[in-house]
Amino acid sequence: MKKGIVVLCVLLLLGSVVFAQGQADKGKKLLKVGMVTDAGTIDDKSFNQGTWEGILKAQAEGLVEAKYLKPSGTTEADYLKEIGNLYDAGYKFIITPGFKFETTIFEAQDKYPDAKFVILDGEPHSADYSEFRIEPNVVGVYWAEHESGFLAGIAAALQMKKGSFGFIGGMEVPAVQKFNWGWQQGLKYANANLGTNIKMDSQNFLYQGTFDNIAAGQQLAATMYDRGVNVIFAAAGGVGVGAINEAKNRVTAGKDVWIVGVDVDQYPEGVLPSGKSIILTSAMKYLDRASYDMIVHELAGTFPGGEILHLDATNDGIGIPLENPNLSADVEAKVKEMYSKLKSGEIVVADSPDGGLFK
Amino acid sequence: MKVRIKSNAFLIAVSAVILGLIAGGLLMLAIGSNPFTGFYYLFRGGLMSMERIGNTIATAITLMLVGLSVAFAFKTGLFNIGASGQMLVGGLCATLVAHYVFLPRPLYLVVIITAAFLGGAAWGIIPGFLKAKFNVHEVVATIMMNWIAYWSVYYFVPIYLKAPSLETESRSIAISQTLRSPWLSKIFGGGYINVGIFVAIAAVFILKFILDKTTLGFELKAVGSNRFCAEYAGIKVNRNVIISMMIAGGLAGLAGMTYYTGYSRNIQIGVLPQMGFDGIAVALLGASNPIGVLFSAFFFGILQSGKGFMNAMTEIPPEIADTIIATIIYFTATSVLFKRFWDAVGRRSKAKALQNQEQADGEGVSHE
Numbered sequence: 008m009k010k011g012i013v014v015l016c017v018l019l020l021l022g023s024v025v026f027a028q029g030q031a032d033k034g035k036k037l038l039k040v041g042m043v044t045d046a047g048t049i050d051d052k053s054f055n056q057g058t059w060e061g062i063l064k065a066q067a068e069g070l071v072e073a074k075y076l077k078p079s080g081t082t083e084a085d086y087l088k089e090i091g092n093l094y095d096a097g098y099k100f101i102i103t104p105g106f107k108f109e110t111t112i113f114e115a116q117d118k119y120p121d122a123k124f125v126i127l128d129g130e131p132h133s134a135d136y137s138e139f140r141i142e143p144n145v146v147g148v149y150w151a152e153h154e155s156g157f158l159a160g161i162a163a164a165l166q167m168k169k170g171s172f173g174f175i176g177g178m179e180v181p182a183v184q185k186f187n188w189g190w191q192q193g194l195k196y197a198n199a200n201l202g203t204n205i206k207m208d209s210q211n212f213l214y215q216g217t218f219d220n221i222a223a224g225q226q227l228a229a230t231m232y233d234r235g236v237n238v239i240f241a242a243a244g245g246v247g248v249g250a251i252n253e254a255k256n257r258v259t260a261g262k263d264v265w266i267v268g269v270d271v272d273q274y275p276e277g278v279l280p281s282g283k284s285i286i287l288t289s290a291m292k293y294l295d296r297a298s299y300d301m302i303v304h305e306l307a308g309t310f311p312g313g314e315i316l317h318l319d320a321t322n323d324g325i326g327i328p329l330e331n332p333n334l335s336a337d338v339e340a341k342v343k344e345m346y347s348k349l350k351s352g353e354i355v356v357a358d359s360p361d362g363g364l365f366k
Numbered sequence: 344m345k346v347r348i349k350s351n352a353f354l355i356a357v358s359a360v361i362l363g364l365i366a367g368g369l370l371m372l373a374i375g376s377n378p379f380t381g382f383y384y385l386f387r388g389g390l391m392s393m394e395r396i397g398n399t400i401a402t403a404i405t406l407m408l409v410g411l412s413v414a415f416a417f418k419t420g421l422f423n424i425g426a427s428g429q430m431l432v433g434g435l436c437a438t439l440v441a442h443y444v445f446l447p448r449p450l451y452l453v454v455i456i457t458a459a460f461l462g463g464a465a466w467g468i469i470p471g472f473l474k475a476k477f478n479v480h481e482v483v484a485t486i487m488m489n490w491i492a493y494w495s496v497y498y499f500v501p502i503y504l505k506a507p508s509l510e511t512e513s514r515s516i517a518i519s520q521t522l523r524s525p526w527l528s529k530i531f532g533g534g535y536i537n538v539g540i541f542v543a544i545a546a547v548f549i550l551k552f553i554l555d556k557t558t559l560g561f562e563l564k565a566v567g568s569n570r571f572c573a574e575y576a577g578i579k580v581n582r583n584v585i586i587s588m589m590i591a592g593g594l595a596g597l598a599g600m601t602y603y604t605g606y607s608r609n610i611q612i613g614v615l616p617q618m619g620f621d622g623i624a625v626a627l628l629g630a631s632n633p634i635g636v637l638f639s640a641f642f643f644g645i646l647q648s649g650k651g652f653m654n655a656m657t658e659i660p661p662e663i664a665d666t667i668i669a670t671i672i673y674f675t676a677t678s679v680l681f682k683r684f685w686d687a688v689g690r691r692s693k694a695k696a697l698q699n700q701e702q703a704d705g706e707g708v709s710h711e
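Chains as they are written, first to last, in my numbering: chain L, 8 to 366; chain H, 344 to 711.
Written as structure tokens, this is what we have:
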């Protein structure tokens, strides 16, 4: 046994000597952009995918070399390890999607001062929230989800004219709550000013509690449709996938129900064999645009390090998809008008449940 | 004789590892990558800097304790699939201690270790009791206990340990209350290495001692070898089953402590720790021998923590590392084949030696 220990020690030593040598620098031409995925896969039709598509666009244009890593867990240690892996492999421009990376980036910004980080949907802070600090090598990006939800609410209300609408959220976190509040304000605005008659009932505005429980999403959607709801806005990741499945089943069975998608244009997710989609429209935040823009800024030497960006209507960070096959031309025109009113500040959407909204 | 059996177990493990690596290499070839670069970066990722070695050890600590838990139950003929649940409960107890108990460091460590051990042991003793009293199969019972732990944590954490804004994990523990220690971090340049390493290594030798040198160990092994024979010999089988599951659970509880208060700083809801199942592989490769578990945990630790870097440097997906682990398990599980192979090799060389000096070795061969 002693022999075994000695052999192992020697092997370990040899290993660390051999492997400790610095890695030869390969002719560095392209910016190497890395991404660490949040919980879920790279093709989650939502947050991870939206971010990655922006990076892929930059790669397709020959601007960068891209790589994503999927951490083995969702702890800060797992995230930091993958950031370390990217950094050691030469990927020193790292994009992380999701508020779960806030504490990770807080540590990473000091640990890797020569790397640059973009955190989407958050800003770095310490684990106990006692310290919020953003270094010049980090950019935090927030979206005005309430404005996006507002526009989707207007669009859906105008298209349907009357009916009962609902909302399914994932976890009750700010980004999802703001979608909900904006959605309700959009419906109310349409009822008050645009002549629609949309009913809202508090029992149809719910948070499921996770982002990955597909079965629960399907069940929630089924319950709501049974109660007579026509349109559900699903801001819930995988839970939303369940809701989309339920809507597909019902439409196939001849019912008239819809889903409003979230984050990215989810129209393709709702397509039935008949070629029609059950996605009325989507409340988008342009994740791909944000990751792409940050890369372009970095290449141009104008990386807005140390800043926290707020993307909303004024800088075209949110909106509904450019093409909405399920919306009539009139509705799309009206939504455009609303969008310009948001832009000019004529309409202000609150990012809080004030004014009698369901929480 | 004894040495020969041990070297057999060692040979079998090494053969399994080598064949597993070869299978992994073939997979890399199949997807058009160079297996040598792949393995180079895989091992580099685990070992290229002190910090990475520290992180590899941090991963190995948890694997080692889970491996010991599974191995110990194996020795008594029990299959502990419940290490994940025991980890969760042990980790939860440790997290509670870390949040609410403030004591001088040595005393604090004693308290947190005791709490984690008791938590895991409580989760292990229930299936043990069910097995002993009602002959409920421990595989079923421990799997059920996993889900009870999963949902208990799901309920408990948001109510009593909620983070300020995150619903999905507990508040982070202050660094000074974790198992990480400044001097270890200094040696390894940061990372997640923690004093759990001493707990794990101590556990290895304590278990070795219990199994080899005590009456309890003898009884446990006897129950594992043949339950009925042990009973006939006057050994209290039921009592030993309960004790075995209790100790196995406690060890997994310690693993949970090293994971949730050493490697990580919070406990997450809705996640059954994968390491609880990886531990089965560690125990298998280590031939359920505490010393064997020590080495196999380090080996798996390297694979686990190196795979991310391999993925970053090459086009090889990290799943390849998982596949290698799975293949190794297959080869270990079919260890009977290797045993026959090496025995045949041994016999042939013996036979040769016999031919050379015919008279001397006659007795040794007849013992074989």
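We treat Cβ as the ideally placed atom computed from N, Cα and C, and that holds for glycine.
Residue i - partner residues in DSSP beta bridges
i: K103(L); result: Here residue 103(L) turns out to be Thr, not Lys, going by the sequence shown. Answer by DSSP bridge pairing, in chain order: I126(L).
i: K74(L); result: G41(L)
i: E512(H); result: Q611(H)
i: F172(L); result: M207(L) and V238(L)
i: G57(L); result: In DSSP, G57(L) forms no bridge with anything.
i: I325(L); result: K292(L)
Any C-beta of chain H under 8 Å from that of residue i
i: Y136(L); result: yes
i: F365(L); result: no
i: D117(L); result: no
i: T103(L); result: no
i: D358(L); result: no
i: K64(L); result: no
i: T259(L); result: no
i: K350(L); result: no
i: T217(L); result: yes
i: V355(L); result: no
i: Y149(L); result: no
i: L127(L); result: no
Nearest residue (CA-CA) to residue i, options the options
i: W494(H); options: V454(H), A687(H) and V614(H); result: V614(H)
i: L519(H); options: S528(H), L504(H) and E662(H); result: Residue identity check: residue 519(H) is Ser in the sequence provided, not Leu. If we check each option's Cα against that of S519(H), S528(H) comes out closest.
i: Q210(L); options: T217(L), G176(L) and A182(L); result: G176(L)
i: S712(H); options: I645(H), A517(H), A565(H) and M656(H); result: The question about residue 712(H) has no answer here: the residues shown for chain H are numbered 344 through 711.
i: N92(L); options: Y75(L), F108(L), T82(L) and G105(L); result: Y75(L)
i: W526(H); options: S358(H), G397(H), M600(H) and A687(H); result: G397(H)
i: I404(H); options: T557(H), F684(H), Q647(H) and E512(H); result: Q647(H)
i: N594(H); options: G367(H), M407(H) and A624(H); result: At residue 594(H) the sequence reads Leu, which differs from the Asn that was named. Checked all of G367(H), M407(H) and A624(H); the closest Cα to L594(H) is M407(H).
i: G261(L); options: A151(L), T321(L) and I285(L); result: I285(L)
i: L362(H); options: F681(H), A598(H) and Y535(H); result: F681(H)
Proximity test, Cβ basis, 8 Å: residue i and chain L
i: K345(H); result: Reliability of the predicted coordinates at K345(H) is poor, the pLDDT of 42 falling under 50, and no value is obtained from them.
i: P507(H); result: yes
i: N398(H); result: yes
i: Y498(H); result: no
i: A459(H); result: no
i: T521(H); result: no
i: H710(H); result: Residue confidence for H710(H) is low, a pLDDT of 46 falling below 50, so the modelled location carries little weight; the figure read from the coordinates is stated next. It does not; no Cβ of chain L falls within 8 Å.
i: Y503(H); result: no
i: G727(H); result: Outside the modelled stretch of chain H, which goes from 344 to 711, sits residue 727(H), for which no answer is possible.
i: T511(H); result: yes
i: S639(H); result: no
i: G388(H); result: yes
i: G619(H); result: no
i: S427(H); result: no
7 Å Cβ cut-off: residues of chain A touching residue i
i: G613(H); result: As a matter of chain content, chain A is missing from the structure shown, whose protein chains are L and H.
| Uninterrupted alpha helix (DSSP H) stretches inside the stretch 284 to 311 of chain L (no shorter than 4 residues) | 294 to 307
| query | Quick one, which residues of the stretch 652 to 668 of chain H are near chain L if we go by CB-CB under 8 Å, in chain order? | reply | F652, N654, A655, M656 and P661
| request: Tell me the start and end of each unbroken alpha helix (DSSP H) in the stretch 602 to 687 of chain H that is at least 4 residues and wholly inside, in chain order. | output: 618 to 628, 633 to 656 and 662 to 676
| Short-range partners of chain H found in the stretch 33 to 57 of chain L, where Cβ spacing is below 8 Å | So the list reads G41, given in the order they occur along the chain.
| request: Name, going along the chain, the residues of the stretch 581 to 609 of chain H whose beta-carbon falls closer than 8 Å to a beta-carbon of chain L. | output: Y606, S607, R608 and N609
| Which residues, in order along the stretch 82 to 95 of chain L, keep a beta-carbon less than 7 Å from a beta-carbon of chain H? | T82, E83, A84, K88, E89, N92, L93 and D95
| request: Quick one: which residues of the stretch 528 to 544 of chain H get their C-beta closer than 7 Å to a C-beta of chain L? List them in chain order. | output: Within the stretch 528 to 544 of chain H, the residues whose Cβ lies closer than 7 Å to some Cβ of chain L are Y535, listed in chain order.
| query | Which ranges does the beta strand (DSSP E) cover as unbroken runs of at least 3 residues, wholly within the stretch 527 to 552 of chain H, from first to last along the chain? | reply | none
| query | In the stretch 179 to 205 of chain L, which residues sit with their C-beta less than 8 Å from some C-beta in chain H, listed in chain order? | reply | E179, V180 and P181
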